[in-house]
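Taking the working numbering, the leading residue of the sequence shown gets 135, the next gets one more, and so forth.
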Amino acid sequence: MDSKHPRTARLWARRLPGMLATATVVAGLLAAPATAAPAPAPPVAPLDQSALLSQVVPGLVDINTTLGYQGAAGAGTGIVLDPNGDVLTNNHVIEGATEINAISLANGQGYAVDVIGFDRANDIAVVRMRGAAGLPTANIGTSSNLAVGEPIAAIGNSNGTGSAPSYAPGSITQLGASVRASDESGGGSRELYDLIRVAADIRPGDSGGPLVNSAGQVVGVNVAATLTYRMGGVTGGEGFAIPIDRAMAIANQIRSGAPAPGVHLGDSAFIGVGIADAPAFGGPAGAVVRQVLPDAPAGQTGLRVGDLITAVDGAAVNSAADLSNIVDGHRPGDTVILSWIDRMGNPRSASVVLGKGPVG
């Protein structure tokens with residue numbers, strides 16, 4: 135599909151408590167129905183579900199997150215890269231988390247999780263399970279020789295932690311696909327490119343899980359899906375996956391600990407404000423404060439709801455994204471000079487020691 139006209143999809147993300155009866159939902163991706171679907175591929179022989187599950191599942195984990203500042207929780211899937219607990223997943227599976235735990239599907243043991251790093255734009259993250267050792271690892275294949283019509287299966291956590299892993303067989307319908315994705319709670323959208331598009335019933339909770347070929351090799355990382363689509367008059371599920379070659383290149387960069395454009399390493403710095411773009415009414419540009427979290431660094435500066443943040447260390451803040459990007463370049467414990475215009479129109483500034491915040 136032309137990358138200038140990406141499809142609309144939704145990330146399988148956590149919902150806020152008011153949107154469901156409980157505060158816990160399965161994390162994943164949700165997309166609007168796709169249009170102009172490619173022509174159906176010729177029928178392919180069904181995969182051996184039992185053999186694939188027995189081969190793939192031991193190298194997976196269920197990931198559970200607590201979003202303390204949102205009063206919510208979520209769940210997704212991870213792919214074990216290293217016997218000592220390095221795990222590949224989507225950034226959106228852990229984004230906003232104040233606590234992360236993982237359960238190995240090989241031994242049933244739960245582990246506290248540390249974030250090694252993430253790439254927000256490519257929706258890739260690497261986490262590490264504390265104290266893990268001797269875990270089976272996933273059989274990582276290559277996405278370089280995939281073909282339209284090839285049989286695949288998506289495996290993940292859409293049945294919920296503690297249940298049998300989900301299994302969604304199908305086939306590849308497009309390579310190099312694009313989607314515009316947003317989370318289930320109506321959050322901001324993002325565009326994802328160069329994806330594997332599949333005719334398979336990928337569902338919430340499968341995010342971060344493997345797309346596997348007939349040999350049980352991981353060829354992609356499940357990242358987005360539509361609820362329904364039509365192909366040849368048949369309505370079914372459709373999903374998208376990040377090619378494993380690209381996912382592993384990013385994961386290896388993160389694991390190396392070497393800085394790289396777009397890659398955030400370690401803990402996330404934190405001011406402790408909820409922000410939005412300034413209204414486009416001719417006033418000054420900046421990030422409007424919508425919330426000041428209790429006991430957060432911003433609360434010690436006198437910053438209040440309705441104030442307009444305009445700079446950090448002299449670097450202009452023209453939007454909410456600018457502020458997020460600037461803070462993303464810092465580490466917890468860094469001291470920055472925050473400049474803002476208060477609700478009375480007075481310019482103000484104060485030094486702020488950044489705290490450790492939610493992931494991403």
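Heads up, the beta-carbon is just placed ideally off N, CA and C, and yes, glycines get one too.
*Locate the alpha helix (DSSP H) running through Met478, then write down its first and last residues.*
Counting along the chain, Met478 falls outside any alpha helix (DSSP H), and DSSP gives it neither H nor E.
_Three-state secondary structure (DSSP) of Arg254_ = coil
*Helix, strand or coil: how does DSSP classify Lys490 here?*
strand
*asked:* What would DSSP say about Ser292, mapped onto helix, strand or coil?
replied: coil
*Cβ-based neighbour list, Val190, same chain, cut-off 8 Å, excluding 5 preceding and 5 following*: Ala272, Asn273, Ile289, Pro344, Val346, Gly350 and Val352
_Host alpha helix (DSSP H) of Ser188 (start-end)_ = Gln183 to Val190
*Between the C-alpha atoms of Ser184 and Ser348, what's the straight-line distance to the nearest angstrom?*
12 Å
_Applying the 10 Å Cβ sphere with the 16-neighbour rule, what's the burial state of Asp335?_
buried
*Going along the chain, which residues of its own chain have a beta-carbon closer than 8 Å to the beta-carbon of Leu427, five neighbours each way excluded?*
Tyr203, Gly406, Val407, Gly408 and Gly433
*C-alpha gap between Gly244 and Leu488, whole angstroms*: 31 Å
*Entirely enclosed beta strand (DSSP E) segments - the region 449–476, minimum 3 residues*: 469–475
*What residues in its chain sit with their C-beta under 8 Å from that of Arg264, if we drop five residues either side in the sequence?*
Gly219, Tyr245, Ala246, Val247 and Asp248
_Buried/exposed call for Gly367, threshold 16 Cβ in 10 Å_ = Since pLDDT at Gly367 reaches only 46, below the 50 mark, its modelled position is unreliable, and no value is offered.
*Simplified DSSP state of Arg337, which is helix, strand or coil*: coil
*On a CA-only basis, which of Ala375, Thr200, Ile443 and Asn356 is nearest Asn480? Give me that one, please.*
Ile443
_Under 8 Å, Cβ to Cβ, is there at least one residue of chain D near Gly440?_
Included in the structure is just one protein chain, with no chain D present.
_Quick check for students: name the residue ranges of the beta strand (DSSP E) that lie wholly in the region 393–441, counting only runs of 3 or more._
397–399, 407–411 and 421–426
*Given a threshold of 16 other Cβ atoms within 10 Å of its Cβ, counted over all protein chains shown, does Val486 qualify as buried or as exposed?*
buried
*Is Tyr386 helix, strand or coil by DSSP?*
Here residue 386 turns out to be Asn, not Tyr, going by the sequence shown. Helix.
*Is there contact between the region 197–211 and the region 460–472, where contact requires at least three CB pairs shorter than 8 Å?*
no
*Beta-carbon separation of Gly371 and Ala302 under 8 Å?*
yes
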